[in-house]
Amino acid sequence: MKNYYLRRFKGFAAIVLLFLPIWMQAQSVAITGVVKEAANGLPIPGVNVLVKGTSVGTTTDMDGNYTIQAKPGDDLVFSFIGFQAATIKVTSSRTINVSLKEESSVLSEIVVVGYGSSTKKEITGATSQVDGVELKKLNLSRVDQALQGQVSGVTINSNSGSPGGSSNIRIRGLSTFGDNDPLILVDGIVYDSEGLNALNPADIESVNVLKDGTAGIYGVRAANGVIIIETKKGKLNTKPQIEFSGFYGMQETTNRLSLLNANEYAIIKNNAFVNAGQTAPFNNTQLGEGTDWQNEIFQVAPMQNYNISINGGTNKTRYSIGGSYYTQDGIVGLDKANFTRYNARFNVSYELSTKFRINSVLLYTNENRRSLPENGIGSVLYNTINAYPTEPVRQTDGRYSYLELVNDIINPVAQMENTYNESAVNKLVGKEELVYTINENFTFTNRFNYNAAIVDGKVFSPLVWYGPGKAQNTAVNADLDAPRVEIADSIFLERGASVYENRDYYVDLNFESFLNYERQINREHKVKGTLGTSVFTRSGSGLNATAFNVPNNSVDFADISANQAEGGFLNNAGSFEFEERLVSAFLRAEYSYLNRYLFSAIVRRDGSSKFGANNRWGIFPAFSGAWVFSDESFFDVSFIDFGKLRMSYGISGNDQIPNFAYRALLNGEGVYVLDDLITSGVAIGRASNPDLKWETTHQFNVGLDLTILKEISFAMNYFVKNTNDLLFQPDVSGLLGTYGPGGFPPFVNAGDVSNRGLELELGYSTDPTKDWVFSTSFNMTQLTNEVLRVPDGVDFIPGAQFGVGGNVATRFEVGQPIGYYIGLQTDGIFQSQQEIDNSSVVQAGARPGDLRYVDQNGDGVISFGDDSDRTKIGSPIPDFTFGLNLTGRYKNFDASCNLYAAVGQEIIRNYERQQPYANQLTYIIDRWTGPGSSEDIPRVTTGATRNNVFSDYFVEDGSFLRIRNLQVGYTLPRKWLTRQKVESMRVYVSVNNLYTLTNYQGFDPDIGNFGGVLAAGVDYGFYPQARTIMGGFNIKF
Amino acid sequence: MAIKRYTTVILTALALSLTNSGCEKYLDVSPPFAQDAENYFNSEQDYELALIGAYDLLQASYLTLWIGEIASDNAIAGGESVNDSEGLHQIEAMTHNAVNNELRSIFRWNYAGIARTNFIMEYKDKTDFDGKEQIIGETRFLRAYYYFELVKYFGDVPLIIDKRLGSEEVTEVARTPRSEVYAQIESDLRYAANNLPWNNPVKGKAEKGSALALLGKVYLYQNKFAQAAEVLDEVINDGPYSLMANFGDLWFAANEDNSETVFDVEYSNLEGGSYGCLICLEGNAAAGFQGIRQYEGPLYGDGNSYNLPTADLYNAFPVNDPRRDITVLNLDSFINLQPDPGSISYAVGGGGHTGFYNNKYIKRQSELGLPDDDLTSPLNYKAIRYADVLLMAAEAHTRSNNDGPALTYLNEVRARVGMPAVNASGQQLTEAIWQERRYELSGEGLRFFDLVRTGKAATSIDNFTSGKNEIFPIPQVEIDLAGGSWTQNSGY
């Protein structure tokens, strides 16, 4: 075999050599030499040797020898895959021996893809990698927070700035109505995004994001993209290295709202009451500053984190062991919003024999999170914004003030004090993997993955009196008497302080088996194949109940076991149980010719228990190819060292819907009161749809990767991603009877969404061995989201409501981005009665100083009751997002900066309670008070007004640029450390969220969605991210 | 060799895994501990439980209590602002159109109730047991109740009986003429009346009298006076009902299930709830919503100032009629009668203020439920009470030219509250009975439908358009979802 190829090769070379001289100019001379590897001096066959600027070229033979005709002064270019090209000028010497260095680590970097690995150079799909070091640098509690702005095509919004708050991860936009979370795999183990709190970012070695159709190796779960996270591993034959790092930081809020002080408030409110024909409530408006409720709830909160890890290996074993402690208090609520996490990690690989290796990964997490009511009417910040400044925090008798003038708004300080809400998670994630190297071509991997979590929750609700008429009261009066409820004739039950507890248990079990084949045939052909199968089961169960009459109204006794209700009476006891299964087989074939032409094909077949027997199985194919054009002999752009064109097309699925949606179950709510007792019956719950199937995403991607002047890397992708057969529950006809309590419309496949976008990644770094080192990376994502189809008979799917009982402000509608805002458009302010009378458009109830709305349909009347005058007034989806990392080092000093920007999205200001006495933002000072006084802010009034109808007056530009991290470090000189047996030590100071440039008036423009995709961009008083000043160290022994 | 064999085994196994033999079974996961709708009705208890589910939708009555008043001359919408439940404000102003969330709820919830009764009827022959007639009787009573609501609101509505509708069938369903729906309602109520006992020991269940009284009302709405008089007489003569001695006692939770109760919608204060799902509540949302905004003072709890009675209603009562102050709370005069009026405070909502509150269904401190007590009132909705039966019977008799019993019944109602007997006849008597209905039944959600039924709506309700506003528009979205082939009610 070998000889055959050798012979052919030699023959080919001979022919080339034979004909070359014909084209040569007379004065050329024959140059000969040997090309060797710089690292080990071994000859390299097949190296391209080219006279630069000509088509004269040859390749080296099996012993690395070449002969080429060139004249002095010519440049010879030596290039070979995996090595840096070398250019050498021909001088008088007839012999030129060359040592080629292995290519910069970037291109040869191993990238973990599904069920195998590849290199950056060979990869054919659209992927983005992030080094664990970059993620750790930000000192954030969650990897998704740290990923924001690091890679193109991945948009991450924080759902809350509270410690442990989750994020929305969107790879290439919103593609579905339901679950848009990508598939997240940690060392190959499925890890849902909710559970990311458990993962310590410091344990991460690398992150690879599969963005395009090549994610299809994960089939029915890959439609939202895949994030592959690898944790740290040891190296063979390395002495143990101990690394200890930590930081301590103080956090404060990034922003405060500009709210009215007592004096301003009194003036505005007098004006509002008088405008409604009522008596001005404040005889004296000289009330000074009054209470600044934001001062009362925002505090400086500490956080700290310590990590220790030991990495190393013997000749047979590799290990990486680590532990960490992380704790963070909230800038609202301090320890009432604390998040604390302990991690232990054990990652060992053992060579049983030359053929067998065992990889064992074990990640244990214990996390505790406390939280306050957030992001809604009744949340602490919503109450803070609306609490009025003329009320003290406490009355003279020491009790918390009641804020009696406002409905539903309670004293936020009292609210924080009386909130006890905590959850604890114990999570064990791991795998046992046996890798059998059958021969040099075949590797067979069997692994068993598990992810088990016990989630405990406890909510203690003490008896509390927030003031007369407050819905949040649990006591019946200020003396904290418990409500007594008559449950039968003259039998009373006391409902004292209560405690709700739940314990849920989730287990994923996954067995995977796959065979990898890899063969390099004579430097020209490389064939890779993967064939495998996966069986996945997720099950869970939970128990929950509420107990009343907690002793002493005290959190110290807040446990079901301590409940003093008669007979241990529990309320609302419940339980759940579920199991879902996925069976899969997958095949991937890859072929490359000369490492220059690369092809890959994937097919996966999935069977999911989420669907009925008729639609259970799906087949998901993907194809991709790449062309390393810089390796072509004709390619002659001297400043481009590496260039690759990529293209891919693939189909993947999304099965993220509730279990058993395909069948009708009697799980509705059929409860009535009979004999004065609440009596449960049965009722049909969600209507069934036996024909339910997965959503399908078709994605096309074309990309370009370049390395320019050795120091600049460039990657660009353009993609079109169409998701069809969206799974959701659109409204159905009321005749079906699904709108009873506990009833829901059926899930159907009805809707299409398109995402198109452009992604750009740029990197630049100078030689890391120099004194001055500078590197930067920049990424940009442009995205256009559009709904292409909604279910039959439905014009749109309504989303979030504006205000209290107000219009639906967001929609899912054809031709618009998902969750776009619809409302009235304003056109200034009516300055006078005359202007209203003369207006060609009738606006019912308009008074001077009111917002003037645009008559969209031109019928001469502003219709408040229907859609005819409503129009698009914003979208929560940014047009562009940008990320920028800057790193510089001079000798022992280093500095870095991370910026993130999102541009073009809007936010709905929905945190203002439209009540006569609720506090307001200071922009209202510039309100309309008479002709010519304002062109954009309407008059204030407590009377009937249409100014509170949802319009663009409540929509603000949400664009922002944020300095996410700024850091300065110093690495101690080695000579100071040798005596302490310390190998290296770095200390640093760092600031997170130093500055945010935005016009948005709310707490934080970086807001995600709290209640489904259609709630995106609706701000109820978002828990802002903290500005954190940290000092930290990193020691290696 | 060994390796080769091993490899063969692996490859065979992998190849097999690509086919689905064996895997199919693995994917057949059954929902744990859940009942499948297609495999139900195997015992008497199964029917009983499904029947409870069918009763559940009665609790949507808070909404009809609002609309029946707000659409009439009796009340305004109120609330926090004019955007707060905007649909009610439009109904108040008679500017409502086919886009109205409240009307859509009426449509959807009544059909949800109908679907639950039809689920039982679909399987009524599956399992036999003693006493099944009573379960079917209650089921048919409920179906009639829900259809009657729909006919009152929307006129012609699709009539679906004895089966659950599949989603693909929706577009084939047309609006059934009102008369045919009425025929089905009558048939259901006849069956119910024939199969239900006068007394059901379980409080809250429909009885023979409930079915007959509702049937009488259904006849009255169709101007079938003789038939109405006949069935209502049966309720009066053979039923166990009588007026409560004291009109004011009727409105307290403690006095429920009394001699005047013909059919109550039952509520409880034992379960909390949220604004997110008012139909899921076990409490009566009307009482809390109709409460006084930010009220701090004796007797009453605070609420959301919905469904506020008008001065027109308050002033309609003779000054000496005790029902005025029992029906309408004149808040300022109430406060002024208290020992320390200065300590009592309340707020005015941006959705309108009349100074009056619905005193029959209002949050009282003695009747609070679990938090949030705006939503957990135990006050039953008195869907049909004996005074209504008497006045309906009086009307049926006088309009079928039989003034004798009419006067007796009318004066029985008046005597209870110490009002002098009326002596009139013919049209004058009819007018007196209609007037009496306003005094006796205001604040109970009947007024709008009475005005429409008696042809008085146009003269009593501002902005009422004859030939249009007698019925409400079918929600446009329901027309669309049903395939768009239904014709909208005229004028909308």
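Going down the list, the sequences are from chains Y and E. Read in order, the letters of the first sequence correspond to residues 1296 to 2332 in my numbering. Read in order, the letters of the second sequence correspond to residues 2 to 493 in my numbering. Built from N, CA and C at the ideal position, the CB exists for glycine as well.
W1912 (chain Y): member of the beta strand (DSSP E) spanning 1912 to 1922, first to last residue. Within the stretch 1955 to 1980 of chain Y, F1955, R1958, A1959, L1960, L1961, N1962, G1963, E1964, G1965, V1966, Y1967, V1968, L1969, D1970, D1971, L1972, I1973, T1974, S1975, G1976, V1977, A1978, I1979 place their CB atoms closer than 8 Å to a CB of chain E, listed in sequence order. Around the Cβ of R1941 (chain Y), a 10 Å sphere holds 16 or more other Cβ atoms; the residue is buried. A contact is defined here as three or more CB-CB pairs under 8 Å, and the stretch 1893 to 1909 of chain Y meets this definition with respect to the stretch 1937 to 1954 of chain Y.
Ranked by Cα distance from K2270 (chain Y), the options Y:V2263, Y:M2280, Y:G2264 are led by Y:M2280. Annotation: N1579 (chain Y) to K1564 (chain Y) spans about 12 Å, alpha carbon to alpha carbon. Counting C-beta atoms within 10 angstroms of its own C-beta, A1868 (chain Y) has fewer than 16 neighbours from the protein chains shown and is therefore classed as exposed.
By the neighbour-count criterion, in which a residue is buried when 16 or more other Cβ atoms sit within 10 angstroms of its Cβ, Q1546 (chain Y) is buried. For S1904 (chain Y), the nearest CB of chain E lies under 9 Å from its own CB, placing it at the interface with that chain. Assigned with DSSP and collapsed to three states, C24 (chain E) falls in helix. Closer than 9 Å to the CB of D85 (chain E) there is at least one CB belonging to chain Y.
Contact of V30 (chain E) with chain Y is assigned, a C-beta pair being separated by under 9 Å. Beyond the five residues adjoining it in sequence on each side, R386 (chain E) comes within less than 7 Å, by CB distance, of E261, T262, V263 in the same chain, given in chain order.
For D313 (chain E), the enclosing alpha helix (DSSP H) begins and ends at 312 to 317. Neighbourhood of S2028 (chain Y) in chain E, by CB distance below 7 Å: V171, E479, L482, A483, in chain order. When secondary structure is reduced to three states using DSSP, Q1623 (chain Y) falls in the strand class. Leaving aside the five residues that flank R325 (chain E) on each side, the residues in its chain whose CB is nearer than 6 Å to its CB run, in chain order, F318. Counting along the chain, W2067 (chain Y) sits inside the beta strand (DSSP E) bounded by residues 2067 to 2084.
G2037 (chain Y) and G1980 (chain Y) do touch by the CB rule: their CB atoms are close to 6 Å apart, below 8 Å. For Q135 (chain E), there are no C-beta contacts with chain Y under 8 Å, since the nearest C-beta of that chain is about 14 Å from it. DSSP places P1535 (chain Y) inside the beta strand (DSSP E), whose first and last residues are 1533 to 1548.
The beta carbon of N316 (chain E) sits closer than 8 Å to none of the beta carbons in its chain outside the five residues before and after it. In this structure the stretch 1512 to 1519 of chain Y touches the stretch 1470 to 1480 of chain Y; the number of beta carbon pairs closer than 8 Å is three or more.
By the criterion of at least three beta-carbon pairs nearer than 8 Å, the stretch 383 to 401 of chain E is in contact with the stretch 223 to 236 of chain E.
Counting only runs of 4 or more residues that sit fully inside the stretch 203 to 251 of chain E, the alpha helix (DSSP H) segments are 209 to 222, 226 to 239, in chain order. Collapsing the DSSP output to three states places N1566 (chain Y) in a helix.
Judged by beta-carbon spacing, Q2200 (chain Y) lies beyond the 9 Å limit of G2225 (chain Y), meaning their Cβ atoms are not closer than that value. Under the DSSP assignment, I68 (chain E) falls in the alpha helix (DSSP H) whose first and last residues are 62 to 71.
For the stretch 1675 to 1688 of chain Y, no residue has a beta-carbon sitting nearer than 9 Å to a beta-carbon of chain E.
When C-alpha distances from N1772 (chain Y) are compared across E:P372, E:E413, E:A433, the shortest belongs to E:P372. In this structure, the beta-carbon distance from W110 (chain E) to G446 (chain E) does not fall below 9 Å. One alpha carbon belongs to N1392 (chain Y), the other to I1383 (chain Y), and they sit about 10 Å apart. In terms of Cβ geometry, E169 (chain E) and I107 (chain E) do not form a close pair [threshold 9 Å]. Beyond the five residues adjoining it in sequence on each side, N412 (chain E) comes within less than 8 Å, by CB distance, of A422, V423 in the same chain, given in chain order. Contact check for S1619 (chain Y) against I1603 (chain Y) passes: the beta carbons are separated by less than 9 Å. From the beta-carbon of E1699 (chain Y), the residues of chain E found nearer than 8 Å are Q295, E297, S346.
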